[in-house]
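Residue numbers (this note's numbering): 3 to 337. Backbone N, C-alpha and C define an ideal beta-carbon position, used for all residues, glycine too.
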Ligand SMILES: Cc1cc2nc3c(=O)[nH]c(=O)nc-3n(C[C@H](O)[C@H](O)[C@H](O)COP(=O)(O)OP(=O)(O)OC[C@H]3O[C@@H](n4cnc5c(N)ncnc54)[C@H](O)[C@@H]3O)c2cc1C
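Structure (structure tokens):
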């Protein structure tokens with residue numbers, strides 16, 4: 003009863019803010035989310051960015067990790083309107099005018115396209131796929147002792163490599179190299195940087211385990227479902243409410259901030275010890291993302307059939323060309 007009286011405040015309504023707010027509301031806190039923008043959702047927002055009737059995702063679009071998120075699995079997102087769409091091919095990666103690497107849902111079909119790298123691909127990826135349910139819980143949780151230490155150690159040894167090291171260790175064909183580089187580029191790290199391989203392994207395994215789905219209606223549908231569930235359990239969501247000082251929030255309960263390090267410093271007033279404030283100030287941001295939104299009058303006339311069937315097309319070319327782009331994702335996701 004005492005907890006039910008406490009208030010909790012969440013600053014920011016991105017996927018992390020919405021999820022944290024749901025957990026607080028479930029724990030009995032009277033929870034309010036404060037969102038600065040008129041539209042809630044943060045990186046999950048969708049909007050008509052080009053022509054009327056064309057819905058674009060403002061940031062995120064493809065959601066393999068949302069589809070297998072252990073915390074999302076506890077939220078009845080489908081009952082609140084979320085419907086996943088799986089494209090026939092999760093990802094295609096044209097290499098040249100007549101060559102295209104393809105990541106299929108099926109591990110076996112993907113291996114068929116990798117020629118002499120098929121066995122290495124199976125060696126690296128199959129153990130992750132076969133125990134994906136266990137692995138993903140360890141991967142998406144805070145640091146803890148893993149449920150399957152052997153599997154986790156095996157993953158860790160491959161994940162700690164740079165994408166280039168992983169490719170040199172495992173692959174020879176342009177197809178396998180390009181596929182892996184494309185997936186690893188989602189780390190937004192230079193492909194020579196240590197641990198840039200981690201997200202590559204995760205996304206490749208996720209494609210086989212759960213796919214790379216997009217939400218019907220755009221990513222806003224995930225935010226809508228989270229917000230709808232949050233409100234159904236008593237939560238309050240206020241938009242157009244930019245918090246400029248944490249002291250403006252109710253003082254009698256927890257405050258969770260779903261904002262960046264420098265934004266947190268700006269709104270912290272003098273609440274933080276100097277040493278922590280200095281850490282926030284010194285935080286080094288990664289490179290920004292550059293995004294183009296197109297309203298198409300017809301499907302993109304890709305030569306490769308797989309590109310026409312894919313939810314995601316990576317256009318970075320060969321591994322060597324991808325590495326030439328400093329710290330860049332592969333040039334684009336065309337959905
Ligand atoms: C171009 C692009 C493409 C991406 N594509 C993908 C993808 O395909 N798949 C994927 O999984 N991820 C993708 N991402 C990453 C994904 O968008 C982020 O990881 C995710 O949005 C982070 O969620 P979050 O809740 O931590 O923060 P955010 O989504 O950034 O939400 C933070 C919220 O806090 C609000 N806020 C900030 N300051 C205040 C304040 N003072 N008061 C009140 N509110 C405040 C903001 O307005 C915002 O709504 C992409 C990102 C970008 C930029």
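Going by other Cβ atoms of all chains shown within 10 Å of its Cβ, with 16 needed for buried, is residue i buried or exposed?
i, result
"residue 328", "Unreliable positioning characterises residue 328 in this predicted model, as indicated by a pLDDT of 48, which lies under 50. A coordinate reading is not provided."
"residue 37", "buried"
"residue 76", "exposed"
"residue 12", "buried"
"residue 125", "exposed"
"residue 145", "exposed"
"residue 52", "exposed"
"residue 157", "buried"
"residue 177", "buried"
"residue 121", "exposed"
"residue 281", "exposed"
"residue 14", "buried"
"residue 278", "exposed"
So which of the options has the shortest CA-CA distance to residue i?
i, options, result
"residue 103", "63, 288, 161 and 183", "183"
"residue 170", "50, 76, 10 and 322", "322"
"residue 301", "312, 240 and 187", "312"
"residue 348", "297, 303 and 157", "Residue 348 is absent from the model: the chain starts at 3 and stops at 337."
"residue 132", "202, 210, 61 and 178", "210"
"residue 231", "25, 9, 8 and 90", "25"
"residue 236", "159, 281, 30 and 308", "30"
"residue 127", "315, 28, 147 and 159", "159"
"residue 242", "34, 233, 42 and 8", "42"
"residue 226", "199, 33, 45 and 28", "45"
"residue 59", "48, 66, 69 and 68", "48"
Per DSSP, what kind of secondary structure is residue i in: helix, strand or coil?
i, result
"residue 49", "strand"
"residue 118", "helix"
"residue 87", "strand"
"residue 32", "strand"
"residue 98", "strand"
"residue 92", "strand"
"residue 9", "strand"
"residue 338", "This structure leaves residue 338 out entirely; the chain is present only between 3 and 337."
"residue 38", "coil"
"residue 276", "helix"
For the segment 128 to 174, list the alpha helix (DSSP H) runs that are entirely contained and at least 4 residues long, ordered along the chain. 134 to 141, 151 to 161 and 165 to 172
Output the residue ranges of the alpha helix (DSSP H) runs that lie fully inside the segment 205 to 256 and measure 4 residues or longer, sorted by chain position. 222 to 234
Using 8 Å as the Cβ pair cut-off and three pairs as the minimum, do the segment 183 to 194 and the segment 279 to 292 touch? yes
Report yes or no: do the segment 80 to 93 and the segment 214 to 228 share at least 3 C-beta pairs separated by less than 8 Å? yes
Within 8 Å, do at least three Cβ pairs link the segment 246 to 261 to the segment 61 to 76? no
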